[in-house]
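Residue numbering for the sequence shown follows this note's numbering, beginning at 8 and increasing consecutively. For glycine and all other residues, C-beta sits at the position ideal for the given N, C-alpha and C. Some notes on the structure that comes next.
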Amino acid sequence: MYRTKNCGELNIKNVEEQVELAGWIQKIRNLGGMIFIDLRDEFGITQIVINDEKMQEEAKELNTESCIHISRRSCGKK
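Okay, here's the thing in structure tokens:
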């Protein structure tokens, strides 16, 4: 399956759930130890947080309006 949820659809009920999202990068913010990506599709926007060093290096090659697919476990406050 290409995506399991639409952007803007995730909420507290999805904590610890395996999700896949796809869309366009609207905004990228690099705060040193973390990179925040606003991912959008026709349904809304979801913020992606990247704090893994290896993934941060890969994310540096991304630009706004790049189309990406994210497959990762959703997490949040426990």
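Residue i in three-state terms, based on DSSP
i, result
"residue 13", "coil"
Residue i: first and last residue of the uninterrupted beta strand (DSSP E) it sits in
i, result
"residue 34", "25–37"
"residue 46", "42–48"
"residue 53", "51–57"
Straight-line gap, residue i to residue j (C-alpha atoms, nearest Å)
i, j, result
"residue 65", "residue 30", "17 angstroms"
"residue 9", "residue 39", "31 angstroms"
"residue 48", "residue 13", "7 angstroms"
"residue 67", "residue 57", "11 angstroms"
Run of the alpha helix (DSSP H) containing residue i, from where it starts to where it stops
i, result
"residue 61", "60–66"
Residue of the options minimising C-alpha distance to residue i
i, options, result
"residue 24", "51, 11, 75, 52", "11"
"residue 76", "36, 44, 60, 59", "44"
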